[in-house]
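Peer 1:
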Amino acid sequence: MLSSLKRFSLSEVTGERLKILEFYQEYGEKATLKAFGVNRKTVWVWRKRLKQGRNQLSSLIPSSTKPKTTRRMEVDLRIVEYIKSLRETYYRLGKRKIKFLVDELL
């Protein structure tokens with residue numbers, strides 16, 4: 005159920021979350037889990053966000069799940085340039101042979 009909410013606009017998602025919160029208050033945890041597939045922990049997170057947002061629906065808009073830090077490439081630029089020159093000169097050279105040549109270079 006939760007993954008299917010990504011297909012809707014933000015106003016539809018917030019409305020659905022509000023409906024789930026109201027259902028949870030009226031019928032409880034087991035019924036909410038069975039009807040919507042939303043567990044207690046998720047409901048409590050939504051309730052907390054709604055309370056902190058002073059009961060505004062905009063506080064139920066899903067936030068980004070992108071990591072704050074991502075890995076950076078740690079390959080020396082000279083190696084990258086060497087591989088590019090090998091690929092341009094010998095375009096049929098496979099990755100196993102290039103690996104062997106790069107290992108000899110180092």
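Start counting at 1 in the sequence shown, then tack on 4, and there's your number in the numbering used here.
All C-beta atoms, glycine included, are put in the ideal place defined by N, C-alpha and C.
Specify the secondary structure class of threonine 73 as computed by DSSP and reduced to three states.
Peer 2: The answer is coil: DSSP assigns threonine 73 none of H, G, I, E or B.
Peer 1: Taking the alpha-carbon positions, what's the proline 66 to tryptophan 50 distance?
Peer 2: Spanning the two alpha carbons is a distance of roughly 10 Å.
Peer 1: Does the distance between the C-beta of glycine 32 and the nearest non-hydrogen atom of the ligand ZN fall short of 8 Å?
Peer 2: This structure lacks the ligand ZN; in fact it carries no ligand of any kind.
Peer 1: Going by DSSP, what residue range makes up the alpha helix (DSSP H) through valine 49?
Peer 2: Residues 44 to 56.
Peer 1: Could you give the distance in angstroms between the alpha-carbon of lysine 103 and the alpha-carbon of lysine 72?
Peer 2: Using only the alpha carbons, I get a separation of about 33 Å.
Peer 1: Taking contact to mean 3 or more Cβ pairs, one atom from each stretch, closer than 8 Å, check whether the region 88 to 105 and the region 38 to 58 are in contact.
Peer 2: Segments in contact, no.
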